[in-house]
Every structure is written in C-alpha cells, then in structure tokens.
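First to last, the sequence lines map onto chains U and F.
If you count the first sequence from 1, position 116 lands on 150 in the numbering used here, and the numbers rise without skipping.
If you count the second sequence from 1, position 88 lands on 122 in the numbering used here, and the numbers rise without skipping.
Don't be surprised by glycine CBs; every beta carbon is placed ideally from N, CA and C.
Given the structure is predicted, the values throughout are model-derived calculations rather than measurements.
Working notes for the structure below.
Protein chains: 2
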Amino acid sequence: MHDALFKYIEVRTGEKLTDNERDVITAVFDRKRMRKRQYFLQEGDVCRYIGFIVKGSARMFSVDEKGHEHIMRFGLESWWISDQESMINLTPSPYYIEMLEDSELLVISVPNALELRNKSRCFDLTVQALDRHQTISMQKRIHAAIGMTAEERFSDLSRTYPEFLERFPMNMIASYLGLSPETLSRIRKNGLRK
Amino acid sequence: MHDALFKYIEVRTGEKLTDNERDVITAVFDRKRMRKRQYFLQEGDVCRYIGFIVKGSARMFSVDEKGHEHIMRFGLESWWISDQESMINLTPSPYYIEMLEDSELLVISVPNALELRNKSRCFDLTVQALDRHQTISMQKRIHAAIGMTAEERFSDLSRTYPEFLERFPMNMIASYLGLSPETLSRIRKNGLRK
DNA sequence: AAATTGGATTGATAAATGTCAATCCGGATT
DNA sequence: AATCCGGATTGACATTTATCAATCCAATTT
Numbered sequence: 035m036h037d038a039l040f041k042y043i044e045v046r047t048g049e050k051l052t053d054n055e056r057d058v059i060t061a062v063f064d065r066k067r068m069r070k071r072q073y074f075l076q077e078g079d080v081c082r083y084i085g086f087i088v089k090g091s092a093r094m095f096s097v098d099e100k101g102h103e104h105i106m107r108f109g110l111e112s113w114w115i116s117d118q119e120s121m122i123n124l125t126p127s128p129y130y131i132e133m134l135e136d137s138e139l140l141v142i143s144v145p146n147a148l149e150l151r152n153k154s155r156c157f158d159l160t161v162q163a164l165d166r167h168q169t170i171s172m173q174k175r176i177h178a179a180i181g182m183t184a185e186e187r188f189s190d191l192s193r194t195y196p197e198f199l200e201r202f203p204m205n206m207i208a209s210y211l212g213l214s215p216e217t218l219s220r221i222r223k224n225g226l227r228k
Numbered sequence: 035m036h037d038a039l040f041k042y043i044e045v046r047t048g049e050k051l052t053d054n055e056r057d058v059i060t061a062v063f064d065r066k067r068m069r070k071r072q073y074f075l076q077e078g079d080v081c082r083y084i085g086f087i088v089k090g091s092a093r094m095f096s097v098d099e100k101g102h103e104h105i106m107r108f109g110l111e112s113w114w115i116s117d118q119e120s121m122i123n124l125t126p127s128p129y130y131i132e133m134l135e136d137s138e139l140l141v142i143s144v145p146n147a148l149e150l151r152n153k154s155r156c157f158d159l160t161v162q163a164l165d166r167h168q169t170i171s172m173q174k175r176i177h178a179a180i181g182m183t184a185e186e187r188f189s190d191l192s193r194t195y196p197e198f199l200e201r202f203p204m205n206m207i208a209s210y211l212g213l214s215p216e217t218l219s220r221i222r223k224n225g226l227r228k
C-alpha cells in the first residue's frame, strides 16, 4: 500500500492529494521488500533508485582503505534513501546503502522521480522541503563535527535523534559520530554527568 | 549592476532570462556595499536577507562557550550567504556572517525571495539547483569530518577549494577544518609527503 | 622610523581519542 | 544443551591533536 507515502506527502505539503495525483504516484512507485543486510546500493554503482522506507531501517556508509566503515546517515520509517550526488551526476557512488532490518520500501527510478515532480505539484513541493530540511540537518551535523568534543556530539545526538539509540547498535552510533566503539563506550560510562 | 547575477542564473539554468524577468529581479535585489569586518548577520538575529556576493568574500561562523570560533562556510564571488535554518524557521541564528574583504553584494529580503521564486521560473530553478548542490557538498564535508584524519582533510580541501588557500588566512582554514592553527601549521610543514 | 597588529611558527606538555587484545554476554542457530 | 556470533566492555598503550607560551615576520598604522 502506498498510503504511508500519501500521508507523508500530505503532512509535509499541507495539501490534499487529488485522486489523479494518487494514481500517478502509485503508478511509478514500486513496492519492494528487502531483508536485513541486503544492499539497496553498492559502492561503485550509479544510484538509479530512490527509496521511501515504509517499514524498517537502513544505513548509508563508506569503507576506507583500512576497511573502516563510516556511517553517513541512517534511515528509518518515512525517511528517504539514495545517494543524491550519484543519482544527479550519474557518477558511481562511493557509498553502500544497507538495510538494517527486514524492510518494506516504496521505490521509484530517478528518471521517473524527475518526471513526477512535473506531474504532481505536491510531490515537487515535498522534494523541495526535503532538500531544505536535509541542508539544515547536515549543517548541524557539520557544526557538531568540527566544533564539539566527542562527548558533546553524543549528548547532542541523544537529544536530536533519541530513536537512533534505541534502534541501532552502539558500534554504528560510534561510526556515525566519527568515533571508535571503545571511545563511545567509555563516554557512555563516564560522561553525561554534566 | 545586476549583470553578475543574471549571468549566474543563466549559466546555472541554461536558459535565457526574459526582459521581464530581468526587471522583476532588478526590482527586488538591492545593491549593498560592505566593508571588511562588517557583519551581514549577527548571532541572535533572525536572518531576514539573502546575499549574493558580486565581489568580495565572507565567512559564516559560530562562537562556542570557550570563545573559539568555528567556521561553517566561506563565501566568494557568486556564492550566496544566509543562514537557511534561521531564515526558513524564523529562529534566531547561532551564527555570524562577516565580510572578510570590502565587498559588493546583491541583497534580497527573504519574503521577496520566496515570492520571486513564483514569478521567475529561472530563479526558482536556480534556487533548487543551489539547494541540491549544497546538499552534495555538505555531504562531502561530513564524510571528511567523520572519516578522515586532519592531514587528509587538508589535502582534500586543497584539491576541492584551492582558492580558499589563496584567499583566506591559515587560522581560518584551520577553523573550517576543525583544527587548531598550530596543528594545521605542523601538517603543512611535515605532511603532504604522501 | 617606530609602534602596532594579525598571522604563522615552534617547542614543551597535556588531553583526547584510537588501537589492540582479551573477555563477556545474550540471543540465535544447530 | 552446546555452539556461534554480533556487540559491548575493559585495560594497557600508542598516536593524534589541543593547549599554552614564546617568538617571528610582514604589513599597516601612527
């Protein structure tokens, strides 16, 4: 069912979708089930699809020369997954997108998504709002990364995305924060007294 | 003259501006001269204007409790300055935007900018492209911040924005990279041999 | 010319964080 | 029940980076 997506769009835009818009959207979003550990995108591939998470979760990460993983973002219900740079420039992605739980997605191809923005004003507005929202949240993350200590970053994350702590293992939280799992473990033990 | 902006929009959109569009744009962008060290935005203020740098440069930064400055972004000719979060949500900005050279800007109020997007398709497309571009470059910066060593970040910056090194003092480059000036100095002396 | 200022550099030292190895624990698998 | 495995923790130690203080230099300002 595409209801989760309809609702998401209506909430975001504050407008009601017409029957026609619903049909158009239904036509271009395919339902896709993915299992835990399955890859939505693999390093080296061009990102040709955008996924809307109806149920489940995902992470987008890179792997450096030493084999260490760096988590760029997480995804939860009602979040979108894709590598924007790869999908816009049609360049091979340096990232993996991996499902962290058995998940249910609504998937649209990149060309269809571009076309849909012309057909449905609501969808277009949604994408615009999403871009804006992303820019803002990324700016905050940069601010945290260059200006805060490890402990401050963790406590900031706990406030901003408490659900991450429930949903994802600590070694991934550490990677998201740019820390080693050991350091995060020690921070959680001692820190947060302030 | 607003020519620099017209040219920028036409290059970005690949479309030619109509005379009408040019008039509409000219009507809402004011020319503004600013001197070195003048503030375009101060911490605590709501960001009510967006600036297009015709000539000069700027930095956007925050100041933490210890009085340390953290540079979030630089601006050069043909770059835009504003705090997106503050201007969209009408919240007080945690950032300063300060001119680093005597500069010439084209300034538009936030409400006018929103309206202009409806009046000029080219302008709307430009803003969209800008948002997308920003998202991509911020993602790269996050990747650098959480996954690279200080030395790698500097060498990455040297490749991506060589003009920064020409134009801005090293203590600001250090702040942008999330490093102390001393550490950057030592990296530049020893590092980069790899 | 003298004085001031903003930046850059250097050395000594401290603090933060990473690395490596070992262990532990609980839930899933057989 | 025995085993396996992903994840968390801990200690010892290495490395990176920050901090503090001093100096230097060149460009302005006086």
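- Straight across, the Cα-Cα distance linking Leu199(U) with Leu75(F) is about 35 angstroms.
- Within the same chain, Cβ atoms closer than 7 angstroms to the Cβ of Ser214(U) are found at Ala208, the five residues on either side in sequence being excluded.
- Per the C-alpha coordinates, the member of His102(F), Glu55(F) and His36(F) positioned closest to Asn205(F) is His102(F).
- DSSP lists Glu103(F) as the beta-bridge partner residues of Val97(F).
- Two segments are said to touch when three or more pairs of C-beta atoms, one from each, lie closer than 8 angstroms; by this definition the region 117-136 of chain F touches the region 85-103 of chain F.
- Using a Cβ-Cβ cut-off of 7 angstroms, Arg175(U) is close to Ile176 of chain F, given in chain order.
- Put simply, the backbone Cα of Lys50(U) is about 6 angstroms away from that of Glu44(U).
- The secondary-structure analysis by DSSP pairs Gly85(F) across a beta bridge with Ile115(F) and Val141(F).
- With respect to chain U, the C-beta atom of His102(F) has a partner C-beta closer than 9 angstroms.
- Taking 7 angstroms as the Cβ-Cβ cut-off, the region 102-128 of chain U approaches chain F at His104, Met106, Gln118, Glu119 and Ile122, given in chain order.
- A buried status is given to Tyr129(U), since no fewer than 16 other beta-carbon atoms sit within 10 Å of its beta-carbon.
- Under the three-state reduction of DSSP, Glu186(F) is assigned to helix.
- Per the coordinates, the alpha-carbon of Tyr73(U) lies some 34 angstroms from the alpha-carbon of Asp53(U).
- Contact residues of the region 178-200 of chain U toward chain F are Ala179, Ile180 and Gly181 (C-beta to C-beta distance below 7 angstroms).
- Counting other Cβ atoms within 10 Å of its Cβ, Glu185(U) reaches 16 or more and is therefore classed as buried.
- In the three-state reduction of the DSSP assignment, Gly78(F) falls in the coil class, being assigned neither a helical nor a strand state.
- Residue contact check for Thr169(F) against chain U: a CB pair falls below 9 angstroms.
- Judged by beta-carbon spacing, Glu119(F) lies within the 9 angstroms limit of Ser127(F), meaning their Cβ atoms are closer than that value.
- Taking the C-beta atoms as reference points, Ile122(F) is found no nearer than 9 angstroms to Tyr83(F).
- Taking CB atoms only, Arg166(F) has a neighbour in chain U less than 9 angstroms away.
- Gln76(U) has a beta carbon lying at 9 angstroms or more from every beta carbon in chain F.
- With the criterion set as a beta carbon lying under 9 angstroms from some beta carbon of chain F, the members of the region 205-219 of chain U are Ser209, Tyr210, Leu211, Gly212 and Leu213, in sequence order.
- Between the region 171-178 of chain F and the region 163-178 of chain U, the count of Cβ pairs shorter than 8 angstroms is three or higher; the stretches touch.
- Ser143(F) has a beta carbon lying at 9 angstroms or more from every beta carbon in chain U.
- In chain order, Gly181 and Met182 make up the part of chain U whose C-beta sits under 9 angstroms from the C-beta of Asp98(F).
- Neighbours of Met172(F) in chain U, taken as residues whose beta carbon is under 9 angstroms from its own, are Gln168, Thr169, Met172, Gln173, Arg175 and Ile176 in chain order.
- Contact between Trp114(F) and Leu148(F) is absent: CB atoms are separated by about 15 angstroms, not below the 8 angstroms threshold.
- With its beta carbon less than 9 angstroms from one in chain F, Gln162(U) belongs to the interface.
- In the structure shown, the three-state DSSP call for Phe40(F) is helix.
- Counting the other Cβ atoms within 10 Å of the Cβ of Leu124(F) gives fewer than 16, which makes it exposed.
- DSSP places Phe157(U) in the helix class (H, G or I) of the three-state scheme.
- About 13 angstroms separates the beta carbon of Arg193(U) from that of Leu211(U), a gap too long to meet the 8 angstroms contact definition.
- Looking from the CA of Ser154(F), the closest CA among His36(F), Glu55(F), Asp190(F) and Tyr42(F) belongs to Glu55(F).
- Phe86(U) and Phe95(U) have their alpha carbons spaced roughly 18 angstroms apart.
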